[in-house]
Amino acid sequence: MKILHMADQHLGLASYGRPVEEFGATLMTFSRAAVLEQVDVAVIAGDLFHSRRPGPAEILLAVRAIRVLTEAGIDTVIGPGNHDGMGTIADPGSHTLAWMAELALNRVHVATGPELIETPKACFAVLPYAHRRSIESTATLRERTDEASRVLEQTINDLGARQLARGRGVPNVFVGHLTTVSARLGSEAAMQLGWDTTVDPAVFDRFDVACLGHIHVRQVVSEKAFYAGSPDVHGFDDQPAEEKGFWLHEGDQGTPWTHRFIASHPRAFQTIDLPYPEGGPGVAKGAVVRIRFATGPTPAEIRDVVDLAKAAGASFVKVVVPEPERRYRGQSAELGELPIKAQMERWLEVNGHSKEPALSIAVDVISSFSAE
Ligand SMILES: [Mn+2]
107 MKILHMADQH LGLASYGRPV EEFGATLMTF SRAAVLEQVD VAVIAGDLFH
157 SRRPGPAEIL LAVRAIRVLT EAGIDTVIGP GNHDGMGTIA DPGSHTLAWM
207 AELALNRVHV ATGPELIETP KACFAVLPYA HRRSIESTAT LRERTDEASR
257 VLEQTINDLG ARQLARGRGV PNVFVGHLTT VSARLGSEAA MQLGWDTTVD
307 PAVFDRFDVA CLGHIHVRQV VSEKAFYAGS PDVHGFDDQP AEEKGFWLHE
357 GDQGTPWTHR FIASHPRAFQ TIDLPYPEGG PGVAKGAVVR IRFATGPTPA
407 EIRDVVDLAK AAGASFVKVV VPEPERRYRG QSAELGELPI KAQMERWLEV
457 NGHSKEPALS IAVDVISSFS AE
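Each number in this note's numbering corresponds to the 1-based position in the sequence shown with 106 added.
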């Protein structure tokens, strides 16, 4: 059987001057690819919408793309992500896709909690995003995060066991919106490290394939687990446009699966360091361009380089000028000589903040970075 897997579409994000229709077009690229490849199931592994309160334009674009799948006889399996408003796993009505689940559209399967979804050719164990706060506890932040990870792994194992118990002889697929321990993180890294519940990718070994969302960098986590990444470029630190797309997973129960990348061809992002080369800037057609000045420019210089970039085809230009060195309140010159943890501790002390939990969180974040 064939599954086309995407995640993190973020309909409604509209950053860098891009209209919502551009993200809708990417979603339509997904549907058309699914039809072209004659897949059995299209999987959307969370964050279809950018907010839990999408406007009529976003809802229309989502429904149109899903309808293309339905009319081609393709089943669609959707799991809610954090941006869809999935916060508390015990509250099935909390996310923006709840209405779509309630409609019970033919061939459209929306999970409202951790559940099994049966299609003619496979069984899907779907785990919506689960925030740490889903697990009631009086423990410390760190303990709660660890506990939430254990609970999630247990939930995944339970879903897998229930799949096996059904004994249909079809592939057992996992769909989830979550962080795995070894995942290579995108630009939201600092926000997530130490804050998000994480699971060990070994928990996916029991499935035929795991279709993951949440991390925006498309990647292979293990032999069984795959992140689709966001199909549009979300910023200058994101993967380049040519690496964006979907996974085509193909196989049968208990047999080795193949995993093929299908490009989504989103708008390119490009960084140009000044001065421009001879003959002006080389800009990919319609690219979102970031121009970096080495020294502080005059307003006229900024206007000139922006005009040249736009004339060369840029759709949006972001100008970066060097920032003057900042010194935080309470920071002294010799502080720079101290190890970073000591700097942090001293800063909290001087500014009259309590050291916990800020210090433990900072240490987690710092150690995660240096481990790479
Ligand atoms: Mn996302």
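Just so you know, even glycine gets a beta-carbon here, dropped at the ideal spot from N, CA and C.
Bear in mind the structure is a predicted one, so any value in this text is a computation, not a measurement.
Thinking C-beta only, is residue 408 closer than 7 Å to residue 47?
With the chain covering 107 to 478 only, the question about residue 47 has no answer from this structure.
Is the beta carbon of residue 456 closer than 7 Å to that of residue 420?
no
Do the region 151-162 and the region 107-126 touch if we need at least three Cβ pairs shorter than 8 Å?
As far as the Cβ criterion goes, the region 151-162 touches the region 107-126, which means the pair count is three or higher.
Identified DSSP bridge partners for residue 397
Per DSSP, 378 and 425.
How about the region 146-153 and the region 364-382: do they share at least three Cβ pairs that are nearer than 8 Å?
no
Any chance the CB of residue 153 is under 6 Å from a heavy atom of ligand 1?
yes
Using a Cβ-Cβ cut-off of 7 Å (strictly less than) and excluding sequence neighbours within five positions of residue 255, which residues of its own chain qualify?
303, 304 and 305
Where does residue 287 land, buried or exposed, given buried means 16+ other C-beta within 10 angstroms?
exposed
List the endpoints of the continuous alpha helix (DSSP H) containing residue 176.
Element bounds for residue 176: 162-177.
Leaving aside the five residues before and after residue 226 along the sequence, list all residues of the same chain whose C-beta is less than 8 Å from its C-beta, in chain order.
Same-chain partners within the cutoff: 146 and 181.
Going by Cα to Cα distance, which pick from 213, 279, 248 and 249 is closest to residue 263?
The residue with the shortest Cα to Cα distance from residue 263 is 279.
Give me the Cβ distance between residue 350 and residue 383, rounded to the nearest whole Å; I'm assuming they're in contact under 8 Å.
With a Cβ gap of about 27 Å, residue 350 and residue 383 do not count as contacting.
Residue 232 versus 161, 142, 185 and 312, residue with shortest Cα-Cα distance:
185
Taking the C-alpha atoms as reference points, what is the distance between residue 391 and residue 216?
37 Å
Can residue 343 be considered in contact with ligand 1, in the sense that its beta carbon sits closer than 6 Å to one or more heavy atoms?
Because no heavy atom of ligand 1 lies under 6 Å away, the Cβ of residue 343 does not count as near it: no.
Beta-bridge pairing of residue 366 - partner residues as DSSP gives them:
354
If you draw a straight line from the C-alpha of residue 471 to the C-alpha of residue 464, how long is it?
One C-alpha to the other measures close to 11 Å.
Can you tell me which of the three DSSP states residue 204 falls into?
In the three-state reduction of the DSSP assignment, residue 204 falls in the helix class, which pools H, G and I.
With a threshold of 16 other CB atoms inside 10 Å of the CB of residue 248, please say whether the residue is buried or exposed.
exposed
Residue range of the alpha helix (DSSP H) that residue 408 falls in?
405-417
Span of the beta strand (DSSP E) holding residue 280?
278-283
Assuming residue 109 is part of the beta strand (DSSP E), what are its boundary residues?
108-112
Contacts around residue 368, its chain only, beta-carbon distance under 8 Å, and the 5 residues preceding and following it disregarded
110, 139, 143, 351, 352, 353 and 354
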